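In what follows, a single structure is set out as structure tokens and then discussed.
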Amino acid sequence: MPSTPNWMTMEDRHEIGVYVKRPISLVRGKGARVWDSEGREYIDCATGVGVALVGHAHPRIAEAVSVQAKTLLSAYELFYSEVRGRLLAKLASVLPTGLDRFFLCNSGAEANEGAIKLARAATGRPGIVAAMRGFHGKTLGALSATWERDTRALAGPLLPEVHHAPFNNAEKFCAAIGDTTAAVLLEVVQGEGGIRVAEAAFLEAVSRRCREAGALLIIDEVQSGCGRTGKFLALEHFDLEPDMVCLAKALGGGVPIGAIACGPRVRDLPKRYHSSTFGGNPLACAAALATLEVIESEGLLSRAATLGHRFRNRLMEEKPGVVRAVNGLGLMMGLELKKKAGPCLQPLADRGVLALLAGSNVLRFLPPLTITEEELDRVTTAVTGVLIDAS
14 MPSTPNWMTM EDRHEIGVYV KRPISLVRGK GARVWDSEGR EYIDCATGVG
64 VALVGHAHPR IAEAVSVQAK TLLSAYELFY SEVRGRLLAK LASVLPTGLD
114 RFFLCNSGAE ANEGAIKLAR AATGRPGIVA AMRGFHGKTL GALSATWERD
164 TRALAGPLLP EVHHAPFNNA EKFCAAIGDT TAAVLLEVVQ GEGGIRVAEA
214 AFLEAVSRRC REAGALLIID EVQSGCGRTG KFLALEHFDL EPDMVCLAKA
264 LGGGVPIGAI ACGPRVRDLP KRYHSSTFGG NPLACAAALA TLEVIESEGL
314 LSRAATLGHR FRNRLMEEKP GVVRAVNGLG LMMGLELKKK AGPCLQPLAD
364 RGVLALLAGS NVLRFLPPLT ITEEELDRVT TAVTGVLIDA S
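Counting with our numbering, you get residues 14 to 404 for the letters of the sequence shown.
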């Protein structure tokens with residue numbers, strides 16, 4: 014019998030090396046739990062950076078993907094597709110009124126990049142204003158709006174006329190919006206930037222300034238959308254009426270898909286102005302449609318709100334001295350530490366919990382909305398133990 018191949022070594026040998034990898038090889042998942050090649054079990058609060066919102070191997074997602082794979086995998090948007098039409102109608106029914114036209118793509122970076130392009134076409138202007146610490150992807154256009162200086166410096170020169178202003182500083186941010194601004198691209202909850210939640214007064218001021226200047230407002234809900242914060246969109250916690258919303262990550266239940274939802278100011282663009290070979294493919298549409306149905310039928314919005322409140326309260330009650338703040342909405346939670354957070358990741362994994370970073374000093378938790386109270390309590394116990402040891 015041939016020996017079992019060491020796929021971790023194979024990956025390291027053949028990849029170009031841009032990922033920082035942990036020494037864990039995941040082979041199976043079910044609900045909020047995953048197992049590695051050694052049989053160790055973990056509660057997954059990383060979820061592919063927020064992808065596995067409804068849990069791993071959800072039977073309804075698996076069935077939808079299986080049925081569609083046996084029926085039709087590819088139908089470029091040159092042709093109509095029943096499952097695509099049903100997904101678009103479902104998206105229009107769950108999003109705020111007016112966001113009822115869509116461009117389907119394959120990822121969050123593609124959605125944000127496409128939104129920048131659509132905004133320039135709709136307004137005839139070149140300028141984009143984004144937030145410091147914001148993250149919108151690493152393709153060239155999306156990276157131009159991302160506040161990640163080291164990566165931006167390596168990839169430059171980037172798109173011209175892209176400016177960054179301080180998050181939650183209404184005066185300085187609004188001053189950056191002018192008569193050449195096509196759009197503001199903004200996260201309501203900064204994911205990679207530390208799970209920082211926007212202030213209502215800041216969002217209100219930016220929205221008003223966009224209307225005054227004739228600029229579009231694009232809200233990036235790639236990480237915060239699909240119920241993660243306890244509402245379908247994080248912007249629904251505030252009084253916001255954006256011109257575009259970008260979705261991805263959790264939308265496909267694990268299958269790659271992205272979407273740009275457009276309001277009435279983004280209409281009737283030139284034919285063939287934008288396209289995507291795999292955008293709106295039947296497999297991804299079937300997975301997304303099933304995901305939306307699971308979110309609705311299992312009451313996952315209210316579940317995210319309830320469990321998020323429980324998680325926050327437990328963390329606050331047992332907060333070790335190394336914790337500066339607990340930030341976030343729903344089950345999008347960040348622990349801001351008084352020291353580097355990176356050294357906590359492996360001890361957490363050793364206690365059976367997978368988590369993420371959000372900047373250098375924030376531990377980020379994005380568990381499935383299907384996580385049980387018992388599993389969430391185990392996460393809290395593990396986190397508290399690791400942070401007490403780190404104090």
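No residue lacks a Cβ here, since even glycine has one placed at the ideal position from N, Cα and C. Quick caveat, the model's predicted, so the values are computed rather than measured.
Query: CB contact flag (M346, V339, <8 Å); Result: yes
Query: Which listed residue (V366, Y32, G334) has its alpha carbon closest to that of K351; Result: G334
Query: L222, DSSP secondary structure in three states; Result: Rather than Leu, the amino acid found at residue 222 in this sequence is Arg. Looking at R222 - three-state DSSP - the assignment turns out to be helix.
Query: Supposed close pair K103, L305 - CB separation, criterion 8 Å; Result: 5 Å
Query: Candidates E90, H27, G61, of which the one nearest V268 by Cα; Result: G61
Query: DSSP three-state assignment for G355, whether helix, strand or coil; Result: helix
Query: Runs of beta strand (DSSP E) lying entirely within the segment 160 to 193, each at least 3 residues, in chain order; Result: 175 to 178
Query: Expected contact under 8 Å - CB spacing of R41 and D57 to nearest Å; Result: Contact flag wrong, Cβ pair sits at about 11 Å.
Query: Cβ-Cβ distance between A128 and C259 below 8 Å; Result: yes
Query: A247 classed as buried or exposed, judged by whether at least 16 other C-beta atoms fall within 10 angstroms; Result: buried
Query: Which residues DSSP lists as bridging G347, in chain order; Result: N340, R377
Query: Spatial neighbours of S106 in its chain, beta-carbon cut-off 6 Å, leaving aside the 5 residues before and after; Result: none
Query: Beta-carbon proximity check, A196 vs I141, cutoff 8 Å; Result: yes
Query: Residue interval of the alpha helix (DSSP H) (run including D49); Result: Per DSSP, D49 belongs to no alpha helix (DSSP H); it is in the beta strand (DSSP E), 46 to 49.
Query: For I232, the three-state DSSP class (helix, strand or coil); Result: strand
Query: Alpha-carbon to alpha-carbon, L296 and T84; Result: 9 Å
Query: Cβ-based neighbour list, L108, same chain, cut-off 6 Å, excluding 5 preceding and 5 following; Result: A274
Query: For T393, three-class secondary structure by DSSP; Result: helix
Query: Cβ distance (whole Å) where R138 is taken to contact G207 below 8 Å; Result: That belief does not hold up - the Cβ atoms of R138 and G207 are roughly 30 Å apart, past 8 Å.
Query: Through-space distance from E217 to T30, alpha-carbon basis; Result: Checking the sequence, you will find Gly at residue 30 rather than Thr. Whole-angstrom Cα-Cα distance: 42 Å.
Query: Option in E126, R97, E123 with minimal Cα separation from R114; Result: R97
Query: For V336 and L400, believed in contact at Cβ under 8 Å, the rounded distance; Result: 6 Å
Query: Euclidean distance between Cα positions of A144 and E51; Result: 42 Å
Query: Cβ contact (3+ pairs, closer than 8 Å) linking the segment 308 to 319 and the segment 230 to 247; Result: yes
Query: Element boundaries [beta strand (DSSP E), containing I273]; Result: 271 to 275
Query: Under 8 Å between C-beta atoms of N125 and G150; Result: yes
Query: At least 3 beta-carbon pairs within less than 8 Å: the segment 249 to 256 vs the segment 219 to 232; Result: yes
Query: S315 Cβ short of 7 Å to the ligand SAH heavy atom set; Result: The ligand SAH is absent from the structure shown, which contains no ligands of any kind.
Query: Proximity winner among K34, V78, V64, relative to L302 (alpha-carbon distances); Result: V78
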